[in-house]
Structure formats: structure tokens, C-alpha cells
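For reference, each letter of the sequence shown is one residue, going 1 to 80 in the UniProt record's numbering.
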Amino acid sequence: MTASPINPDENRRPIKNPGDEMLTLQEACRFLRVAEGTLRYWRHLGCGPRSFKIGRHVRYWRADLVLWLSEQTRRPQGPD
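Spelled out as C-alpha cells, the structure:
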């Protein structure tokens, strides 16, 4: 069995991909530059970025936010 690489600067925690960073609801809102109510509403509708719960707390993987944003740029734009 092989061990994960160790980063001595992070109290011997495994090195992780920056895209694998777990974000809180507020951090995800800052990343997406949307209001918290907007992200909650998108989550309710099922049209926002993928999220998950840890206990009662909603979390987002940064990589999922980036993927969702890139998907939004490929959607056809309707007339405004």
C-alpha cells in the first residue's frame, strides 16, 4: 500500500489538489460572486452547482463550482 505524499508545512496532512478544496456556503457565494439567498434558491431548484451536506452544513467542492461555471458559459443565451 502506498502512502500519500506528505506536506511538512501542513502538520503532516496529505497534499491535496487545490480544486479539491471544500467550501462553506458563504465561501462558495464569494467564489461565485452571488448572494447567499441566490445560491440557496438555486440549490432548492436543483439548478445550481452540486452541493452536499455534512450533518446540517452545506458544502461545495471548489472543482464542482468551476465545472458548473464552465457549463454555464456553454449554455445558449436567450434574448434578454
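All residues carry an ideal CB built from backbone N, CA and C; glycine is no exception.
According to DSSP, is residue i part of a helix, a strand, or is it coil?
{"i": "Val34", "result": "coil"}
Could you pull the DSSP bridge partners for residue i from this structure?
{"i": "Thr24", "result": "Arg59"}
In whole angstroms, what separates the C-alpha of residue i from that of residue j?
{"i": "Ile54", "j": "Leu25", "result": "12 angstroms"}
{"i": "Glu71", "j": "Asp64", "result": "10 angstroms"}
{"i": "Gly37", "j": "Cys29", "result": "9 angstroms"}
{"i": "Leu39", "j": "His57", "result": "14 angstroms"}
I'd like the list of long-range same chain contacts for residue i, defined as Cβ closer than 7 angstroms, with 5 residues on each side in sequence excluded.
{"i": "His44", "result": "none"}
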